[in-house]
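Residue numbering for the sequence shown follows our numbering, beginning at 137 and increasing consecutively. Yeah, the Cβ is synthetic: ideal placement off N, Cα and C, and Gly gets one too. See structure below.
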Amino acid sequence: MRVLDKILMFAGKENFSLDPAIGKGYVFYQCLKYGKMMIRGRFFSLGYKNISNTLFLGKKVKIMEKSHLSIGDKTKIQDEVYIDALSREGVVIGNYVVIGRNSRIECTGGLQSIGKGVKIGNRTTFGNDCMFGAAGGIEIGDNVVAGQFIRFHSENHNYSDMTKLIREQGVTHRGIKIGNNCWIGSGAIFLDGAKLGNGCVVGANAVVTKQFPDNVVIAGVPAKVIAVRGNENSH
137 MRVLDKILMF AGKENFSLDP AIGKGYVFYQ CLKYGKMMIR GRFFSLGYKN ISNTLFLGKK
197 VKIMEKSHLS IGDKTKIQDE VYIDALSREG VVIGNYVVIG RNSRIECTGG LQSIGKGVKI
257 GNRTTFGNDC MFGAAGGIEI GDNVVAGQFI RFHSENHNYS DMTKLIREQG VTHRGIKIGN
317 NCWIGSGAIF LDGAKLGNGC VVGANAVVTK QFPDNVVIAG VPAKVIAVRG NENSH
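Right, dumping it as structure tokens:
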């Protein structure tokens with residue numbers, strides 16, 4: 137068995153088929169890259185039972201409040217990810233998860249009250265430059281496929297009292313929840329109180345502000361249902 141095949145199996149890609157057009161130099165680079173990530177992950181997990189020693193860890197990753205962090209098997213945290221895990225329920229990242237490079241997970245917006253935290257299910261993947269603002273709590277299911285530049289804001293400002301400054305009126309924390317087996321297009325934004333059922337598809341750059349049932353396709357600003365999966369041609 138080739139070294140690359142062994143690395144792919146270790147990373148959970150047992151049925152992965154490499155494109156024959158990919159050259160040996162590129163393969164060597166990927167082997168070297170993931171080998172280094174494996175080594176970083178081993179050192180990172182030392183002394184922490186809640187962090188798997190099979191973690192793949194990128195370069196220049198910054199973690200605050202490591203004791204509030206839980207990471208499952210063979211998860212990949214790509215280069216320059218920032219995680220501030222200080223929160224009531226912590227940051228819980230499942231098995232075989234991918235957090236894209238330059239992404240940020242921030243659980244607490246101020247020192248007066250710490251945030252709720254984040255839970256990301258198994259085999260869920262996010263592209264680069266995603267933002268998880270988790271003061272009100274973010275829960276993401278299993279097998280979610282998500283693109284780049286996705287933002288979650290689980291906190292909203294009150295503003296109805298015209299006699300006070302907006303910054304003096306407090307915030308709401310209803311939280312954000314994403315079901316299993318969803319596909320989220322690049323640039324989508326989820327605001328406090330947003331909820332997706334299982335099997336949903338979210339169009340690129342959609343702004344999700346409310347709750348949606350299972351298996352719907354949503355898009356727009358604000359997002360609305362444009363189709364039901366399996367019945368797209370009827371719309």
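My guess is that residue i and residue j are in contact by the Cβ rule of under 8 Å, so how many angstroms apart are they, rounded?
i    : j    : result
I286 : I320 : 6 Å
G194 : D215 : 4 Å
S290 : I325 : That pair is no contact at about 12 Å.
Would you decide whether residue i is buried or exposed? Buried here means 16 or more other CB atoms lie within 10 Å of its CB.
i    : result
G277 : buried
D328 : buried
I199 : buried
S203 : exposed
Y232 : buried
L205 : buried
N367 : exposed
When the Cα of residue i is compared with those of the options, which residue comes out closest?
i    : options             : result
L222 : A340, K212 and Q248 : Q248
C304 : N292, S322 and L327 : The sequence shown places Glu at residue 304, not Cys. Ranking N292, S322 and L327 by Cα distance to E304 puts N292 first.
D350 : V364, V343 and P358 : V364
D220 : T211, V254 and D297 : V254
I229 : Y170, R259 and V337 : R259
F348 : A324, I314 and S290 : I314
Counting only the same chain and skipping the five closest in sequence on each side, list residues whose C-beta sits under 7 Å from that of residue i.
i    : result
S181 : I187, S188, N189 and L191
Along the chain, where does the beta strand (DSSP E) containing residue i start, and where does it finish?
i    : result
S206 : L205 to I207
K195 : From DSSP, K195 is part of no beta strand (DSSP E); its letter is neither H nor E.
R287 : R287 to H289
Y218 : Y218 to D220
K202 : Careful: K202 lies outside any beta strand (DSSP E) and carries neither H nor E.
R240 : R240 to E242
A363 : K360 to V364
M267 : M267 to G269
Can you give me the Cβ contacts of residue i inside the same chain, cut-off strictly under 8 Å, excluding the 5 residues immediately before and after it?
i    : result
V357 : N341, A342 and V343
Ordered along the chain, which non-local residues of its own chain (more than five positions away) have a Cβ less than 6 Å from that of residue i?
i    : result
Q284 : G263, N264, D265 and S322
V197 : I213 and V217
D297 : Q305
G251 : S223, C243, T244, A270 and A271
M267 : R240 and R287
At a threshold of 7 Å, does residue i count as lining the ligand PLP (C-beta to nearest heavy atom)?
i    : result
G194 : In the structure shown, the ligand PLP is absent, as is every other ligand, since no ligand is present at all.
If you follow the alpha helix (DSSP H) that residue i is part of, which residue opens it and which one closes it?
i    : result
L327 : No alpha helix (DSSP H) contains L327, which is instead part of the beta strand (DSSP E) from I325 to L327.
K169 : K160 to S181
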